[in-house]
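Be aware that the sequence shown starts at 46, since it is given in the numbering used here, and climbs by one per residue.
The beta-carbon is built from N, C-alpha and C at its ideal position, and this holds for glycine as well.
Since the model is a prediction, treat every value here as computed from it, not as a measurement.
Worksheet: the structure to be examined is printed underneath.
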Amino acid sequence: MTLAKAFITGSVVKAPEKRFTQNDMAIAGFTVNFDPANEGLIRVVAFGQLAETISSTVAIGDNVAVEGKLQVNSYKLPNGKDKKVFEIQASAVEKMGAGSGVSAPISSNSENIVSFNQDEIAQDLIDEDEIPF
């Protein structure tokens, strides 16, 4: 498994599914499309209170911002081939209002909330001096 920090915005295309671990910890998973051409789908998972909140507030079509760790999980298919799956383990999720610039944090831990106006350009969020290439 590989871990890296990730931040994406997009539209929810698969509604959250809530499950529980054997220790009764909530897990919620949903899919976000971050590419207007519908080719950028990524699975998002959350645990604990964040998972509980997501499962009751996020729906298909909602615009969200997700911050977390990018994970690359590998496993073998029944035919013996290797398969890699990319997903984000969310530390913060924010529901964004369509076109209004309104955002609603979905987290009880305010230090993990990323607030921004939906109309901001992604380049404004990146410091070019920090890019290693």
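C-alpha gap between residue i and residue j, whole angstroms
| i | j | result |
| --- | --- | --- |
| Phe75 | Ala137 | 14 Å |
| Asn83 | Thr102 | 23 Å |
| Gly113 | Phe92 | 12 Å |
| Leu170 | Phe52 | In this predicted model, Leu170 has a pLDDT of only 45, less than 50, meaning its place in the structure is not dependable; the value taken from the coordinates is given anyway. If you take the alpha carbons of Leu170 and Phe52, they lie about 10 Å apart. |
| Ala149 | Phe131 | Bear in mind that the predicted position of Ala149 carries a pLDDT of just 48, short of 50, making it unreliable; the figure below should be weighed with that in mind. Answer to the nearest angstrom: the Cα atoms are 26 Å apart. |
| Met141 | Asp107 | 7 Å |
| Leu66 | Ser100 | Note that residue 66 is Thr in the sequence shown here, rather than Leu. Cα to Cα, Thr66 sits roughly 15 Å from Ser100. |
is_contact[residue i, chain B] using C-beta, thresh 8 Å
| i | result |
| --- | --- |
| Leu115 | As a matter of chain content, chain B is missing from the structure shown, which is built from one protein chain. |
Residue interval of the beta strand (DSSP E) (run including residue i)
| i | result |
| --- | --- |
| Thr98 | Thr98 -> not in any beta strand (DSSP E); alpha helix (DSSP H) instead, spanning 93-102. |
| Ala137 | 127-141 |
| Thr66 | Careful: Thr66 lies outside any beta strand (DSSP E) and carries neither H nor E. |
| Phe75 | 71-78 |
Check whether residue i and residue j have beta carbons under 8 Å apart
| i | j | result |
| --- | --- | --- |
| Ser56 | Val77 | yes |
| Ala96 | Glu139 | no |
| Ile133 | Leu122 | no |
| Pro61 | Ala73 | yes |
| Lys126 | Ser119 | no |
| Lys63 | Ala71 | yes |
In DSSP terms, what residue i is bridged to
| i | result |
| --- | --- |
| Thr54 | Ala110 |
| Ala49 | Leu115 |
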